[in-house]
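Residue numbers (this note's numbering): 25 to 147. Below is one structure, written out as structure tokens, with a few remarks after it.
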């Protein structure tokens with residue numbers, strides 16, 4: 025899974041970070057990778073994703089695409105660090121899957137209370 029992400033990112037540059045790029049913090053990188061994997065899973069079920077979804081994930085986490093790609097390049101040269109980061113991504117995805125298997129409608133909106141029946145006892 026991690027090899028596919030690295031390959032799809034088009035990692036061609038040799039330097040880790042340019043003066044214009046900064047490394048994305050591990051916690052943020054984990055969240056971004058989790059969301060990108062969830063989007064990929066959605067695409068495999070629905071066939072398409074909204075335009076700009078990847079950019080919206082980056083924006084939600086205040087990450088520049090160039091910083092994300094520079095961070096991936098950094099990890100491509102530090103596989104042990106990448107494995108550690110990716111284990112967190114995998115654990116997070118497994119936790120999400122487990123939660124959804126236990127409560128598939130956990131995130132579904134709840135119906136409004138039935139206003140036609142009274143919960144007060146009649147006398």
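For each residue, glycine too, the CB sits at the ideal point set by N, CA and C.
Other residues of its chain near residue 67: CB distance less than 7 Å, five sequence neighbours each side excluded: By one-based count along the chain shown, residue 67 stands at place 43. 73, listed in sequence order.
Nearest neighbour of residue 116, chosen from 47, 48, 60 [CA to CA]: In the chain shown, the residue the question calls residue 116 occupies position 92. For residue 116, the closest of 47, 48, 60 by C-alpha to C-alpha distance is 60.
Rounded straight-line distance, which links the Cα of residue 69 to that of residue 109: The residue given as residue 109 occupies position 85 in the chain shown. The residue given as residue 69 occupies position 45 in the chain shown. Going by C-alpha positions, residue 109 is about 26 Å away from residue 69.
Residue 87 vs residue 58 beta-carbon contact at 8 Å: Taking the chain shown and counting its residues from 1, one reaches residue 87 at position 63. Taking the chain shown and counting its residues from 1, one reaches residue 58 at position 34. No, they are not a contact pair.
Among 76, 119, 62, the one whose alpha carbon lies nearest that of residue 89: Position 65 of the chain shown, counted from the start, is the residue given in the question as residue 89. Checked all of 76, 119, 62; the closest Cα to residue 89 is 76.
Check: residue 63 C-beta below 7 Å from any heavy atom of the ligand SAH: In the structure on display, the ligand SAH does not appear, and there are no ligands present to speak of.
Euclidean distance between Cα positions of residue 124 and residue 91: Within the chain shown, numbered from 1, the residue matching residue 124 stands at position 100. Within the chain shown, numbered from 1, the residue matching residue 91 stands at position 67. Distance between the alpha carbons of residue 124 and residue 91 is about 32 Å.
Buried versus exposed call for residue 99 [16 or more other C-beta atoms within 10 Å across all chains shown]: Position 75 of the chain shown, counting from 1, holds the residue named residue 99. Buried, since its Cβ has 16 or more Cβ neighbours within 10 Å.
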